[in-house]
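Asker: Using numbering that gives the first Met the number 0, read the sequence shown as starting at 0 and increasing by one per residue.
Let me begin by handing over the structure; questions about it come next.
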Amino acid sequence: MTQDELKQAVAKAAVDYILPMLESDTIVGVGTGSTANLFIDELAKHKNDFDGAVASSEATAERLKKHGIPVYGLNTVNSVRVYVDGADESDEHLHLIKGGGAALTREKIVVASCEEFVCIADESKLVKILGDFPLPVEIIPMARGHVARELVKLGGDPVYREGVVTDNGNHILDVYNLNILDPIALEKSIDGIVGVVTNGLFAKRPADVLLLGTKEGVKTLK
Ligand code: 5RP
């Protein structure tokens, strides 16, 4: 199976997983990226079975609307029953690196607001130790030099993601060569740097479930 076929399989599995949660007043949180896009296309087949969605990016909101799925602002809903999103890496504790698509801040906000976080990924994303994928950090533009110097002190090699402006008007540093043995501690340390908006470690609040697309079928990790 190709990577795209594995992503398609987990997108379908995610819809099957959340089907019992869908009621006329259910709000579904929806992530960003190629796997999340496939999930949106599958979710659209059930658009009459739930109220609507909260989107983690402008791109996701557009795709949901094109399918005729109502999109709500997070401040206008009482609860997000479930949030479904991809990841760049996951370890066995479902600690994640996210933000390859530069949507990490809104993703983390929706994760913080949801009742259940379902991560969907193909098997290439499961790793023993996080950090081969460079860690995205969203920063206030004027703080770039300061944040970069602080990230070097933490052992990383930050690289400015040229030409990218996030949905929040900010910039991204991708941090290479971090030895992420304690993801929760590192997430807190980076959050503590003045000028950092969000970092792409999702470890303080990991995924609740990982649906992993493998050649042997979709595996459920909790
Ligand atoms: C976007 C993300 C994505 O979930 C992550 O980059 C995975 O993307 P894909 O499903 O395309 O592999 O965090 O900010």
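C-beta atoms are modelled at their ideal positions from N, C-alpha and C, and glycine is treated no differently.
This structure is a prediction, so every number in the text was calculated from the model and none was measured.
Within the structure, which residues are defined as neighbours of ligand 1 by a Cβ-heavy atom distance below 5 Å, reported in chain order?
Answerer: Cβ-based neighbours of ligand 1 within the cut-off: 31, 32, 33, 34, 85, 87, 97, 98, 99, 100, 102.
Asker: With distances taken between CB atoms, is the gap from residue 87 to residue 127 smaller than 8 Å?
Answerer: Their beta carbons are not under 8 Å apart, which means residue 87 does not touch residue 127 by this criterion.
Asker: Candidates 18, 100, 215: which alpha carbon is nearest residue 251's?
Answerer: Here the chain comprises residues numbered 0 to 221, so residue 251 is not present and cannot be evaluated.
Asker: Under 7 Å Cβ to Cβ from residue 63, same chain only, skipping five residues before and after it: list those, please.
Answerer: Within the same chain, residue 63 has close Cβ partners 29, 39, 52, 54, 70.
Asker: What are the start and end residues of each continuous beta strand (DSSP E) run of 3 or more residues lying completely inside the segment 119 to 154, in chain order?
Answerer: You should have 134 to 138.
Asker: Alpha carbons only, please: which of 60, 111, 104, 26 is nearest the one belonging to residue 75?
Answerer: The residue with the shortest Cα to Cα distance from residue 75 is 26.
Asker: For the alpha helix (DSSP H) that contains residue 187, what are its first and last residues?
Answerer: Looking at the DSSP string, the run of the alpha helix (DSSP H) that includes residue 187 is 182 to 190.
Asker: Return the CA-CA distance between residue 59 and residue 123, expressed in angstroms with no decimal places.
Answerer: So the alpha carbons of these two residues sit roughly 23 Å apart.
Asker: Would you mind giving the Cβ-Cβ distance between residue 10 and residue 34, rounded to the nearest angstrom? I have them listed as a contact below 8 Å.
Answerer: Their Cβ separation, rounded to whole angstroms, is 6 Å, which keeps residue 10 and residue 34 in contact under 8 Å.
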